[in-house]
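Worksheet for the structure shown next.
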Amino acid sequence: MDAPEQADDGGDGPSLEGGYDPEAVESRWQRRWVDEETYAYEGDAERDPNTVYAIDTPPPTVSGSLHMGHLYGHTLQDFAARFQRMADGDVLFPFGYDDNGIASERLTEQELDIRHQDYERREFQELCREVCTEYEAEFTDKMQDLGCSIDWSSTYKTIEPRVQRISQLSFLDLYEKGREYRKKAPAIWCPECETAISQVEMEDDERGSHFNDIAFEVASDGTDRNEFVISTTRPELIPACVSVFVHPDDDENQDLVGEEARIPIFGHEVPIIADERVDMEKGSGIVMCCTFGDQKDIEWYQAHDLPLRVAIDESATMTDLAGDYEGMSTEEAREAIVEDLDEEDYLRDRWEITHAVGVHERCDTPVEFRVSKQWYVEILDHKDEYLEAGREMEWYPEKMFTRYRHWIEGLEWDWLISRQRDSGIPFPVWYCEECDHPIMADREDLPVDPLSDEPPVDACPECGHDGFEAEEDVFDTWATSSLTPLINAGWDWDADAEEFAMEKPELYPFDLRPQGHDIISFWLFHTIVKCYEHTGEVPFDATLINGHVLDENREKMSKSRGNVVAPDEVLADYPVDAVRFWAASAAVGDDFPYQEKDLRAGEKLLRKLWNASKLVDTLAPADPDEPDELEPIDRWLLAELDDAIETLTANFENYEFAKGRDRLRTFFWNTFCDDYLEIAKGREDNPSTQYALRTAHRTFLELWAPFLPHVTEEIWQAVYADGEERRVSESSSGESEPRDRLESIHTRDWPEPQGHEADLEAGETAMEVIGALRRYKSENQLPLNEPLETVSVFGPVGGFEDAIQNVMHVQNLDLLETEPEVTTEIASIDLDYSTLGPKFGSAVGDIDAGIDAGEYEIDDDGDVLRVAGEELESDLFEVERERTYSGAGEMLETDSAVVVVE
RNA sequence: GGGUUGGUGGUCUAGUCUGGUUAUGACACCUCCUUGACAUGGAGGAGGCCGGCAGUUCAAAUCUGCCCCAACCCA
23 MDAPEQADDG GDGPSLEGGY DPEAVESRWQ RRWVDEETYA YEGDAERDPN TVYAIDTPPP
83 TVSGSLHMGH LYGHTLQDFA ARFQRMADGD VLFPFGYDDN GIASERLTEQ ELDIRHQDYE
143 RREFQELCRE VCTEYEAEFT DKMQDLGCSI DWSSTYKTIE PRVQRISQLS FLDLYEKGRE
203 YRKKAPAIWC PECETAISQV EMEDDERGSH FNDIAFEVAS DGTDRNEFVI STTRPELIPA
263 CVSVFVHPDD DENQDLVGEE ARIPIFGHEV PIIADERVDM EKGSGIVMCC TFGDQKDIEW
323 YQAHDLPLRV AIDESATMTD LAGDYEGMST EEAREAIVED LDEEDYLRDR WEITHAVGVH
383 ERCDTPVEFR VSKQWYVEIL DHKDEYLEAG REMEWYPEKM FTRYRHWIEG LEWDWLISRQ
443 RDSGIPFPVW YCEECDHPIM ADREDLPVDP LSDEPPVDAC PECGHDGFEA EEDVFDTWAT
503 SSLTPLINAG WDWDADAEEF AMEKPELYPF DLRPQGHDII SFWLFHTIVK CYEHTGEVPF
563 DATLINGHVL DENREKMSKS RGNVVAPDEV LADYPVDAVR FWAASAAVGD DFPYQEKDLR
623 AGEKLLRKLW NASKLVDTLA PADPDEPDEL EPIDRWLLAE LDDAIETLTA NFENYEFAKG
683 RDRLRTFFWN TFCDDYLEIA KGREDNPSTQ YALRTAHRTF LELWAPFLPH VTEEIWQAVY
743 ADGEERRVSE SSSGESEPRD RLESIHTRDW PEPQGHEADL EAGETAMEVI GALRRYKSEN
803 QLPLNEPLET VSVFGPVGGF EDAIQNVMHV QNLDLLETEP EVTTEIASID LDYSTLGPKF
863 GSAVGDIDAG IDAGEYEIDD DGDVLRVAGE ELESDLFEVE RERTYSGAGE MLETDSAVVV
923 VE
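Numbering follows the numbering used here, with no gaps: position 644 of the first sequence is 666.
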């Protein structure tokens, strides 16, 4: 745009003509916001971190397309970002992709129908980059269709060199701090992906299997028995059997302890040992320990210093230890061994079961446990500190902290960060060929790839040898994606100052970390670990945990169930603003169903806002002067508006989007549209009403802006942007080229209460009277604009007579000084239990009974109620009277007024 | 198996921490109304013993215990 005036790009510029056309309007604004960098973070390194609002968004894993979880999560963040931007200025709302690691490798394999094993590492990495780039481009398009106020100039990919450098710096720093070690130890292993994985990547899955009762011979002669039976689901592991365990309390089998067992078929002999970790309830109560079948085997292996017998290799193929079974897969070997056991009469029984099997979450392959040399981040010794860090953050909702706490309390493994994969960030490490001493890269050289780069030394500092071996492993994805606060803040090594520094220190610690409740245990946890160890600070002030979007029957969406709703399908039928209105309906942290009718509710609201704006536009000039004195009805509206601003502000500050949304909708629809606008129709020439109308309307647009960014921008630009003083948020630090930027509603200031005071009781009563008259017309099947000849009101409605008269088409309105002629009798007595209870205690029951039975008296002036032997002062009860009106016309009652229609 | 969270009209939900006697709103349903924006609107109505059972209390959707159901996390 090139004119200082509001841009009107021809026929499809902002205008209130006709109905609201979200399809055209939304994409038009989305494009302009991106093109004009409306949401760009300005940045001011001098600013206090407490006054810059920064969000650390967990970058989506590049493994597929945008789903409802992305939509919901980002929309919630956007509510916070948009509110904060208006309320407090500069906001950083960045965006990243997590495209290094197993997930994107598997995506590449699926997409191209290839196996990574068939490619050179470089080649495969190239393919990953290509596939990811395509997915990212499509994902970005779809993200921009959501209209989130993301700063698209602050984006990153976890595989890009800048991030690789940060990730390798992080590795070096933790190594120097003594927080990392390399160790040959049993690790969880995925035979399909052929890599070690961490505890969090393993999940349980119910699988069908068999229990096999296998007879073991006793090879020594300390007992009368010749054999005993062991139940196992994994007979292929018997070549790896290194011992047999019996529980110390197991009297029946105590005779076996200290003896030797001979392994069927394979013939090797193993000791029988007592250990209380045996589950006596399971199978025969006697259990074999193999290296390794499960985690308990590892514990035993370490506790009893057992030998290592590896029968299964890294691709789940039997090793030479398995003798005749060498080269078979574990499944093949299982069947073959069972058959042979049966033939040789060792198989005593076999039956089907289903049980939980640990599988790799990325490929559903049952995991193995293998001894291998891996890098670990030590975390078990800092559990208390990480727990404390979690405690220092604000949790929205609070209850989610429990999950974090339980996760930490249950930690059993240090964090394994090396992966035997092709695509990923390499460890910046070489090893001395002679003494295995690790050589770390120099900081200034990062990022490095040891496979192609040379180590920074000519000779090993330990032994002087000059040959080195490159580390082939890459970092676990989370070793990098746990650094997002540091990536966003531009963390780097300052060589001159010899310390770490941030390019944008004002961002750190971040104000908000949003994420789903399913990844508290790893993503959030790992991020806290990394950032805390690097900076000594908790990286987030607050964390916002979003729930999951379920299908319309409240069931989890899953591809296998076929109940997945894709965001693009929804957005093809409904405006984004309507989708956002739905997204705001759930309490933060709660799972909630996707229901189409909720989107229709949002659509209705957009239409209402549009139509109300049109009406306001016909009733008052865009920018009326403020009159010296507002009339009661107008002052009442603005006082109510002040109140709404106050609650809504608090709601946004506390991430109570659902509450804010409902409060605003009710006030806008019921109070403003149904009540005030109807009244305003009869007062259009009144300067007081014109001012109130426009003030309220502008404020409504601003208050709705975080929820409904498109429709509010469209109306704002159509109605107000033109006459506004130009408010371009060019930074005061003097950017050399002042850009001609859109004065978006989204960069305006959040409304503040203006301190309007009004007789709220009179306003409330007047609305009651209007409601009563509406009910009267409805019940008498009259149109709402049917004139009423004479209406008398007894009640506090002073100052609102005109309003009542106009909106209800009352020709004569009388305010009564005294209650109209009625005969009254006591209908009921309302007790104030909250003070009555504490005062009279158990007598309350008798008082209730006495009143019900009519056994009570009230003083003539109504000051004292005598019942059940007690005397109640007037503040404890209220007498409800049944009024019978015998005068002319019909009497209507409200809570605080009596109305007579003639 | 252990833990966490939740269960409120037909549906989705507010209220539960901080107990107070007519339980909030929306959608759907029924009746009526074309009022100067909106009939994709407006006014009104019906519909719930707050998962079950005990307990604490003058008083429980709300606090306590047990049970049932669901989701999630961890074995």
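The C-beta atom is built at its ideal place from N, Cα and C for all residues, glycine as well.
Keep in mind that this is a model prediction, so the values were computed, not measured.
Item to check | Continuous beta strand (DSSP E) stretch holding M524: start and end | outcome: As a working note, residue 524 is residue 502 in the first sequence. It spans E521 to M524 - the beta strand (DSSP E) in which M524 sits, taken as one unbroken run.
Checklist entry - For the alpha helix (DSSP H) that E228 lies in, which residues bound it at each end? => result Sequence index remark: in the first sequence, residue 228 carries index 206 (1-based). Element bounds for E228: not the alpha helix (DSSP H) but the beta strand (DSSP E), M224 to V240.
Next on the checklist: When you compare the CB positions of E893 and V901, do they come within less than 8 Å of one another, or not?
Outcome noted: Your numbering for residue 893 matches position 871 in the first sequence. Your numbering for residue 901 matches position 879 in the first sequence. It is not a contact, given that the beta carbons lie outside the stated cut-off.
Next on the checklist: Here's the rule: buried if 16 or more other CB atoms are within 10 angstroms of the residue's CB, otherwise exposed. What is W772?
Outcome noted: In the first sequence, residue 772 corresponds to position 750, counting from 1. By the C-beta density criterion, W772 is buried, having at least 16 other C-beta atoms within 10 angstroms.
Checklist entry - Excluding sequence positions up to five away, which residues of its chain have a Cβ less than 7 Å from the Cβ of Q186? => result Your numbering for residue 186 matches position 164 in the first sequence. These residues qualify, in order along the chain: I447 and P469.
Checklist entry - Which same chain residues, not among the five before or five after L572, have their C-beta less than 8 Å away from its C-beta? => result Reading the first sequence from its first residue, position 550 is the one you call residue 572. Result list for L572: K578, M579, D613, F614, P615 and Y616, in chain order.
Item to check | Exposed unless 16 or more other CB atoms sit within 10 angstroms - verdict on T640 | outcome: Along the first sequence, one-based indexing puts residue 640 at 618. Within a 10 Å sphere around the beta-carbon of T640 sit fewer than 16 other beta-carbons, which makes this residue exposed.
Checklist entry - Given E747, which residues of its chain have a CB within under 8 Å of its CB, disregarding the five upstream and five downstream residues? => result Within the first sequence, the letter at position 725 stands for residue 747. Only weak support exists for where E747 lies, its pLDDT of 38 falling under 50; the coordinates are left without a value.
Next on the checklist: Need the endpoints of the beta strand (DSSP E) that Y398 sits in, please.
Outcome noted: As a working note, residue 398 is residue 376 in the first sequence. Boundaries of the beta strand (DSSP E) around Y398: E390 to V399.
Checklist entry - Using the beta-carbon count (16 or more within 10 Å), is H487 buried or exposed? => result The count along the first sequence starts at 1 and reaches residue 487 at position 465. With fewer than 16 neighbouring CB atoms inside 10 Å of its own CB, H487 falls in the exposed class.
Checklist entry - Are the CB atoms of L98 and K164 nearer to each other than 8 Å? => result Indexing the first sequence from 1 puts residue 98 at position 76. Indexing the first sequence from 1 puts residue 164 at position 142. Cβ atoms of L98 and K164: not closer than 8 Å.
Item to check | Neighbourhood of E700 by C-beta, 6 Å cutoff - its chain only, sequence neighbours within 5 removed | outcome: Numbered from 1 along the first sequence, position 678 holds the residue referred to as residue 700. Apart from the 5 residues on each side of it in sequence, E700 sits with its Cβ closer than 6 Å to the Cβ of V829 in its chain, given in chain order.
Checklist entry - Is it right to say T217 is buried, meaning 16 or more other beta carbons lie within 10 angstroms of its own, or is it exposed? => result For this step, residue 217 is matched to residue 195 along the first sequence. Buried.
Checklist entry - If we ignore side chains and look at the alpha-carbon of each, how far apart do T840 and G95 end up? => result On the first sequence, position 818 is the one that residue 840 refers to. On the first sequence, position 73 is the one that residue 95 refers to. Between the alpha carbons of T840 and G95 lies a gap of roughly 59 Å.
Next on the checklist: Quick check on E895: buried or exposed, where buried means 16 or more other Cβ atoms within 10 Å of its Cβ?
Outcome noted: Working through the first sequence from its first residue, we reach residue 895 at position 873. Counting Cβ neighbours within 10 Å, E895 comes out exposed, since fewer than 16 surround it.
Item to check | Among V832, Q803, V791 and A788, the one whose alpha carbon lies nearest that of P809 | outcome: Taking the first sequence and counting its residues from 1, one reaches residue 809 at position 787. Here the closest residue by C-alpha is V832.
Next on the checklist: Any contact between the stretch 313-320 and the stretch 276-295? By contact I mean 3 or more CB pairs, one from each, below 8 Å.
Outcome noted: Contact between the stretch 313-320 and the stretch 276-295 is absent, because fewer than three Cβ pairs lie under 8 Å.
Next on the checklist: Quick check: the Cα distance between P293 and V279, rounded to an integer number of angstroms?
Outcome noted: Residue mapping note: residue 293 aligns to position 271 of the first sequence, counting from 1. Residue mapping note: residue 279 aligns to position 257 of the first sequence, counting from 1. Cα to Cα, P293 sits roughly 8 Å from V279.
Checklist entry - Using a threshold of 7 Å, is the CB atom of E249 nearer than that to any non-hydrogen atom of the ligand NAD? => result With respect to the ligand NAD, the structure offers nothing, as it holds no ligand at all.
Checklist entry - Whose C-beta lies closer than 6 Å to the C-beta of I491 among residues of the same chain, with five residues either side of it excluded? => result Within the first sequence, residue 491 is the residue found at index 469, counting from 1. One point to set straight first is that residue 491 is Glu, not Ile, in the sequence displayed. Excluding the 5 residues flanking it on each side, E491 has same chain C-beta neighbours closer than 6 Å at Y453 and E455, in chain order.
Checklist entry - What are the boundary residues of the alpha helix (DSSP H) that Q166 is part of? => result On the first sequence, position 144 is the one that residue 166 refers to. Q166: member of the alpha helix (DSSP H) spanning R143 to Q166, first to last residue.
Item to check | For V741, the nearest candidate out of G244, G569 and S766 (CA to CA) | outcome: Counting from 1 along the first sequence, the entry for residue 741 is found at position 719. Just measuring C-alpha positions, the residue of G244, G569 and S766 sitting nearest V741 is S766.
Checklist entry - Apart from the five residues just before and just after A296, which ones in its own chain have a Cβ nearer than 6 Å to its Cβ? => result The residue you call residue 296 lines up with position 274 of the first sequence. Close CB contacts of A296 within its chain, under the 6 Å cut and outside five residues either way in sequence, are with V268, P270 and V279 (chain order).
Item to check | Closest Cα partner of A784 within the set E494, I655 and E877 | outcome: Position 762 of the first sequence, counted from the first residue, corresponds to residue 784. Closest in alpha carbon position to A784, among E494, I655 and E877, is I655.
Checklist entry - Since W999 is in the beta strand (DSSP E), which residue starts that stretch and which ends it? => result In the structure as shown, the chain begins at 23 and stops at 924. Residue 999 is therefore absent and cannot be evaluated.
Checklist entry - Should C385 go down as buried or exposed, given a rule of 16 or more other Cβ atoms within 10 Å for buried? => result Within the first sequence, numbered from 1, the residue matching residue 385 stands at position 363. Of the other Cβ atoms in all chains shown, fewer than 16 fall within 10 Å of the Cβ of C385; this residue is therefore exposed.
Next on the checklist: Could you compute how far the alpha carbon of S49 sits from the alpha carbon of L621?
Outcome noted: On the first sequence, position 27 is the one that residue 49 refers to. On the first sequence, position 599 is the one that residue 621 refers to. Spanning the two alpha carbons is a distance of roughly 18 Å.
Item to check | DSSP three-state assignment for F862, whether helix, strand or coil | outcome: Translated into the one-based positions of the first sequence, residue 862 becomes position 840. In the three-state reduction of the DSSP assignment, F862 falls in the helix class, which pools H, G and I.
Next on the checklist: Extract the residue ranges of the beta strand (DSSP E) inside the stretch 514-596, only unbroken runs of 3 or more that lie entirely within it.
Outcome noted: List check, beta strand (DSSP E) in window: 521-524, 532-538 and 562-568.
Checklist entry - Where does E912 sit, in a helix, a strand or coil, going by DSSP? => result What you label residue 912 is simply residue 890 of the first sequence in a count that begins at 1. For E912, the secondary structure class from DSSP, reduced to helix, strand or coil, is strand.
Item to check | P597 versus E214, L168, L782 and G611, residue with shortest Cα-Cα distance | outcome: Your numbering for residue 597 matches position 575 in the first sequence. Among E214, L168, L782 and G611, the Cα nearest to that of P597 is on L168.
Item to check | G118 (DSSP reduced to helix, strand or coil) | outcome: Taking the first residue of the first sequence as position 1, residue 118 is located at position 96. Correct three-state label for G118: strand.
Checklist entry - Do F115 and S171 have their CB atoms nearer than 8 Å? => result Sequence index remark: in the first sequence, residue 115 carries index 93 (1-based). Sequence index remark: in the first sequence, residue 171 carries index 149 (1-based). Less than 8 Å divides the Cβ of F115 from the Cβ of S171.
Item to check | Contact set for S504: own chain, Cβ-Cβ below 6 Å, skip 5 residues either direction | outcome: Along the first sequence, read from residue 1 onward, the residue named residue 504 stands at position 482. Hits under 6 Å: H548, T549 and K552.
Checklist entry - Do three or more CB pairs link the stretch 246-260 to the stretch 221-238 at distances below 8 Å? => result Yes, the stretch 246-260 is in contact with the stretch 221-238.
Checklist entry - Between P213 and E336, which are expected to be in contact by the criterion C-beta below 8 Å, what is the C-beta distance as a whole number of angstroms? => result For this step, residue 213 is matched to residue 191 along the first sequence. For this step, residue 336 is matched to residue 314 along the first sequence. Between P213 and E336, the beta carbon gap of about 7 Å places them in contact (Cβ cut-off 8 Å).
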